[in-house]
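Everything on this sheet refers to the single structure shown next.
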Amino acid sequence: MLDATPLLRLYARRRLGRLRKQDPVAVQQRQLLSLVAKARDTRFGRDHRFGEIATVEDFQARVPLRSYDAFWSEYWEPAFPTLTDSSWPGRMPYFAVTSGTTTGTTKYIPCSREMTVSNKWAGGDILVHHIANRPQSRLFGGRSFMLGGSTDLKALAPGVLSGDLSAIAAKEMPWWVRLRYFPPRALERITDWEEKIEALARASLAEDIRMISDTPSWLLIYFDRLAALRPDMGGRLAAVFPNLELLVHGGVNFAPYRKTFQTLLAGSRAETREVYPASEGFVAVADRGDGEGLRLVLDTGLFFEFVPVEEMEAPAPARHWMATAEPGVNYALVLSTCAGLWAYVLGDTVELLTRDPPRVLVTGRISYSLSAFGEHLIDAEIEEAVSAAADAIGSAVTDYSVAPIFAEETGRPGGHVYIVEFAPKRPNAAAVDRFARLLDKALRRTNEDYDTHRAGDFGMAPPQVEAVVPGSFAAWMKARGRLGGQHKVPRIINDPELFKSLRDFAAGHPDPGGGA
């Protein structure tokens, strides 16, 4: 295979030069005004007097914050699936199908031609930052492997298709990328996740894989199957893919998986690089090392606003943008995009680390927090505590979920129950007890409200940890029809019935033989 990395290196040099000169405030203002000008004659543009908008402040005064449900009912559902000049000019060719993390409610996110181009350019920044960190890279000397979901697209109407974001990306993939891409189309189209993993694992053994990407939890399932086919790999990817350079991950917090992936990549030349590709738009890419934040992609058709989380329910919440957002604040992220999303509340929360260049940490979801007893824990705090506690007992976490449990007896405090799948095997009871104590200690140190409620076990009982056997979460997701693709294991579950279904399922899941 002809190594095209020298061409990538030339592009990376040009792109890095532009990024170094980029003025975040000026770029974002131009993005918004360009988007508004293009959509001024759509139904949404007329309703919100886009023709009168000349500044960011004009836009914020005319366009209120909206959730998916509000957009769906007001602008998309009435004409669905044929959206023409609704909130973006022309007919919408694609809808990215996604689901809520816990509810599973299907969402259809408009994806315009401009958005597919935006995603390509933003995705290219992954490679640009890799080249910057690895100048001697030979990434395009082999194949790039995107695990992804099924690439089958469903025809909703003539010229209108829906499916996973990965399916849309596969259809729009340039021919020159396809030449260096794995898997082939026949394997891409497999819809059964277990069948697909088996087929991909077998086929990939014969390939020179240089880059691989997907959500960490699904990658681990693939790697487990790979290890079963190649017992000699000894838990090291370098034994199977000696030229692997780059492992791209996103979708969930990487902290609980970090130790496992360090073991998998030991002895290889590969680096990990995190991305933030939402169905609504490609938001950010890691331009530095693991855990150092993600750089917002400012110039590909997205405009970012930041709303302090505590003001989200206020009648007139403060709406910041690159000119006014401050580091250290927990913000709800709001997008306006080249697919006709305007002041759209994405649902994710972020903390701005630096303003120039703008880097963020994803801290969680607006609706996913633990506060049944006034403890006000957010996703990021729980993720970090789980990771630290697992590391302290010499283990790693494949998946977990946590929910509030209320005491059945009057006068006794409720608390949190964690269902945890450890790797490489289930720890013994003593180790699990130590994990629970360390988890509690880390949360008390991090969150003052939690510490107050835990004081003397008066307001809250200590956390209860139930360790489950390997494969429990994947089996539960499969039972719910949520295995693979865009689906994620819910970290925080405030729905008692959903948590009961997980708890009951995990308790009855057979031990494959690796438990202690």
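Going by my numbering, the sequence shown opens with residue 696, and the numbers climb by one from there. C-beta atoms are modelled at their ideal positions from N, C-alpha and C, and glycine is treated no differently.
| query | result |
| --- | --- |
| Roughly how many angstroms separate the alpha carbons of R709 and L730, rounded to a whole number? | 25 Å |
| Closest to A864 by CA distance: which of R1140, T811, Y952 and S912 is it? | T811 |
| Given a cut-off of 8 Å, decide if V947 and S974 are closer than it, judged by their beta-carbon atoms. | no |
| May I ask which residues mark the beginning and end of the alpha helix (DSSP H) holding M810? | R808 to N828 |
| Evaluate contact between the region 815-832 and the region 770-789, counting only Cβ atoms and requiring at least three cross-stretch pairs below 8 Å. | no |
| What are the residues that DSSP puts in a beta bridge with T1147? | Beta-bridge pairing links T1147 to no other residue. |
| Evaluate D1199 with the Cβ neighbour count: other Cβ atoms within 10 Å of its Cβ, from every protein chain shown; 16 or more gives buried, anything less gives exposed. | exposed |
| To test your reading of the DSSP string, which unbroken beta strand (DSSP E) runs of 3 or more residues are found completely within the region 926-988? | 941-945, 966-973 and 976-980 |
| Per the DSSP calculation, D1043 is bridged to which residue(s)? | R1060 |
| Please classify L697: is it buried, with 16 or more other beta-carbons within 10 angstroms of its beta-carbon, or exposed? | exposed |
| Between the Cα of V1184 and the Cα atoms of P1099, G1176, D1190 and F1168, which residue gives the shortest distance? | F1168 |
| Can you find the residues in the same chain that come closer than 8 Å, C-beta to C-beta, to A749, ignoring five residues on each side of it along the sequence? | L728 |
| Can the beta-carbon of A950 be found less than 8 Å from the beta-carbon of S762? | no |
| Using a Cβ-Cβ cutoff of less than 8 Å, which residues in the same chain neighbour P1022 once the five nearest sequence positions on both sides are dropped? | E1046, L1047, L1048, T1049 and R1050 |
| What span of residues does the beta strand (DSSP E) with K849 cover, start to end? | K849 to A852 |
| Consult DSSP for V1160 and reduce its assignment to one of helix, strand or coil. | strand |
| Report the rounded CA-to-CA distance for R704 versus P869, giving the unit in angstroms. | 18 Å |
| Given a cut-off of 8 Å, decide if V751 and Q724 are closer than it, judged by their beta-carbon atoms. | yes |
| If you follow the beta strand (DSSP E) that R905 is in, where does it begin and where does it stop? | I904 to D909 |
| Hey, how far is the Cα of G656 from the Cα of H1204? | Lying before the first or after the last residue shown, residue 656 is absent from the chain, which here runs from 696 to 1211. |
| Determine the closest residue to E693 out of Y1026, E1000, L1065 and L997, with distance taken between C-alpha atoms. | Any question about residue 693 goes unanswered here, given that the chain covers just 696 to 1211. |
| What separation, rounded to the nearest whole angstrom, lies between the Cα atoms of V872 and A791? | 21 Å |
| Decide if G945 is buried, meaning its Cβ has at least 16 other Cβ atoms within 10 Å, or exposed. | buried |
| Based on the DSSP output, what are the partners of D1094 in its beta bridges? | E1116 |
| Distance check for E889 and S768, CA to CA, integer angstroms please. | 36 Å |
| Check each candidate in G1109, A965, R931 and R738 and name the one with the smallest Cα separation from Q831. | A965 |
| Taking the continuous beta strand (DSSP E) assigned at S839, which residues delimit it? | R838 to M841 |
| In its own chain, which residues sit with a C-beta less than 6 Å from the C-beta of V722, not counting the 5 before and 5 after it? | L993 and D994 |
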